[in-house]
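Data block below; observations after.
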């Protein structure tokens, strides 16, 4: 038996166990119709877009970061970012392509932030006011204070 073209090979489930049966709909025209309505403020249309794409976005993120809870959080963040950016969506590409780019960027931002956070912990003691010696600060050469330039 041949699988229809464009049909996913497995059902994607979120961490809450919900299946994403609408993710099987591969209809860019319907996405464009829903986007046009959502751009006019129709929350039901945007909810339909989220429902149609959440499983694939979650699966993509989960494949990239291998952490279920963080993938779910990032998926939600992607849809919030997409909602805020929706007025700028121009339909030059499929909505799903645009959404995948937002997801990709969100994962890279998340990864970069985690690398910065894990690179070294900041020692808060060095910023305690009592430990900072005001005499240790010097005026730049030239005699002028930076506050007066």
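Numbering (the working numbering), first residue to last: 5 to 153. Heads up, the beta-carbon is just placed ideally off N, CA and C, and yes, glycines get one too.
Which of the three DSSP states is assigned to residue i in this structure?
i           : result
residue 75  : helix
residue 85  : helix
residue 97  : coil
residue 127 : With a pLDDT of only 46 at residue 127, under the threshold of 50, the placement of this residue in the model should not be trusted; the figure read from the coordinates follows. Looking at residue 127 - three-state DSSP - the assignment turns out to be coil, as it is neither helix nor strand.
residue 57  : helix
residue 28  : Its pLDDT being 44, under 50, residue 28 is placed unreliably in this model, and the value from its coordinates should be taken loosely. Looking at residue 28 - three-state DSSP - the assignment turns out to be helix.
residue 46  : coil
residue 110 : helix
Please name the residue, chosen from the options, that lies closest to residue i on a Cα-to-Cα basis.
i           : options             : result
residue 61  : 38, 88, 46 and 75   : 75
residue 111 : 46, 87 and 63       : 63
residue 42  : 120, 68, 91 and 33  : 91
residue 118 : 81, 49 and 69       : 69
residue 39  : 81, 107, 80 and 89  : 89
residue 33  : 67, 120, 100 and 59 : 100
Here's the rule: buried if 16 or more other CB atoms are within 10 angstroms of the residue's CB, otherwise exposed. What is residue i?
i           : result
residue 97  : exposed
residue 35  : buried
residue 95  : exposed
residue 73  : exposed
residue 56  : buried
residue 65  : buried
residue 45  : exposed
residue 86  : buried
residue 105 : exposed
residue 58  : buried
If residue i and residue j are in contact, beta carbons under 8 Å, what's the gap, nearest whole angstrom?
i          : j           : result
residue 83 : residue 54  : 5 Å
residue 78 : residue 102 : Not really, about 17 Å apart at Cβ, beyond 8 Å.
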